[in-house]
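A.B. asks: Per this note's numbering, the very first residue in the sequence shown carries number 67; after that it's consecutive. C-beta: ideal position from N, C-alpha, C; glycine also.
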Amino acid sequence: MNTTVMLSNYLLKRFQILPLLAIIITDMMVIKRITSNMVIPQWKFYLAFVFIIIYLFHNRVADDKRDFDFDMEFYPDRDLQKGKISIVFLERASFIMIGIMTMIALSMGKLSLLFFLPLLFYTILAKKDFLLPDHFKIKNLFTYNLINMFQLLFLQIFIYVSILDSLALDDIVWTHILFVFILSIQVEITRKVKPDISPGNELYSDRLGMGGAIMLWYFFGLASIIISITICGLLGIGLKHILFFEALILLACFFSGLLYLKNETSVYENLFWLGLLVTYIGQNMILTYA
């Protein structure tokens, strides 16, 4: 298999590049709206967008490298385990990504570089399972996943500090950082809700059951809507202008979860993912255009 096909397969199947692009583009649109009263060069937004994509790719490769033996035991049919995608090739690509991230951080200023170094160090720790004993991940799955998710919180802080070239982040910026973090957790839960018990017993639905996992998914979906409304208030957008659209998003979230719970098939799993995308992208559209 040639390099282009190998990379394309990985980006589409494992990295899920298409929905990720839609999410990140709309995230950047909201950041542009929130910072619209400031004079910021347009190139900073483009570089921030590229940095996010590259950083998440680097993280995905690091996760796959770390979990390679585990996946070989429990998920031998995956392309990486079957040799259709070379882990050596991905690692080389990941090292190139580190170089590009470093250049982006350098070009965006000293503060950007200052925040990039601990962010990179965090990814190295994550690759080493934070130096935790092997049994910790098995016994404390939710705590372990939350520790991992903090990378995305730090990433969002890095992006704002880099764009603004300042440590003075106001209330609306911190609220938006929390908003993206909450939605990122909901994305992660979406990935780990399956109707069947996984061979490795590492899904939320394995530990909580389908009902419990979807209730957790609902909690973060509702929390994101509440925070979205709060951001609208900070932007000076009246509740009457957004209530109808927020209600539609809430209904999409509710019914996609309910239908998946009642119909545990791949068709309804796709609908569940659609509910997640409507929740995430829909709220970003409200924050951008309302």
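1. By Cβ distance, which residues of its chain are closer than 6 Å to Y210, with the 5 residues on each side in sequence left out?
2. Roughly how many angstroms lie between the CA atoms of T241 and I295, to the nearest whole one?
3. State yes or no: is the C-beta of M174 within less than 8 Å of the C-beta of S232?
4. State yes or no: is the C-beta of S152 within less than 8 Å of the C-beta of H124?
5. Assuming the contact rule is C-beta atoms closer than 8 Å, L221 and L185 should be a hit. Round their C-beta distance to whole Å, please.
6. Does the distance from the C-beta atom of F181 to that of F224 stay below 8 Å?
7. Rounded to a whole number of angstroms, what is the C-alpha to C-alpha distance between P85 and L343?
8. Determine contact between the region 110–126 and the region 248–265, defined as no fewer than three beta-carbon pairs at a distance below 8 Å.
9. Of all the alpha helix (DSSP H) runs that stay within the bounds of the region 118–144, which reach a length of 4 or more residues?
10. If you follow the alpha helix (DSSP H) that D272 is part of, which residue opens it and which one closes it?
11. Using only alpha-carbon positions, find the residue among P265, D195, A114 and V71 that is nearest to M167.
12. Compare the C-alpha of G275 against each of S322, F140 and P261 and name the closest.
13. In the DSSP assignment, the alpha helix (DSSP H) including F188 goes from what residue to what residue?
14. Can the beta-carbon of F320 be found closer than 8 Å to that of S290?
15. Of the residues K150, W109 and T92, which one's Cα is nearest the Cα of S74?
16. Helix, strand or coil, according to DSSP, for G165 in the structure here?
17. What are the boundary residues of the alpha helix (DSSP H) that includes L343?
18. Here's a check: name, in chain order, each residue in its chain whose Cβ is nearer than 7 Å to the Cβ of L316, leaving out the five neighbours to either side.
19. What's the C-alpha gap between G302 and T69?
20. Pick from Q217, R132 and F247: whose alpha carbon is nearest that of I293?
21. Could you check the C-alpha separation between I164 and A234 for me, to the nearest Å?
22. Check whether the Cβ atoms of G277 and L324 sit closer than 8 Å, and answer yes or no.
23. Within the continuous alpha helix (DSSP H) that includes A384, where are the two ends?
24. Find the nearest neighbour of F187 within the set F216, L146, Y346 and F285, judged by alpha-carbon distance.
25. Beta-carbon separation of A88 and I352 under 8 Å?
26. Which residues bound the alpha helix (DSSP H) around R99?
C.D. replies: This is what the structure holds:
1. K203
2. 11 Å
3. no
4. no
5. 7 Å
6. yes
7. 8 Å
8. no
9. 134–140
10. Y270 to L300
11. A114
12. P261
13. Sequence check: residue 188 is Tyr here, not Phe. Per DSSP, Y188 belongs to the alpha helix (DSSP H) from K176 to K193.
14. no
15. K150
16. helix
17. S332 to Y355
18. I291
19. 49 Å
20. F247
21. 27 Å
22. no
23. Limits of the chain in this structure are 67 at one end and 356 at the other, which puts residue 384 out of reach.
24. F216
25. no
26. I83 to I100
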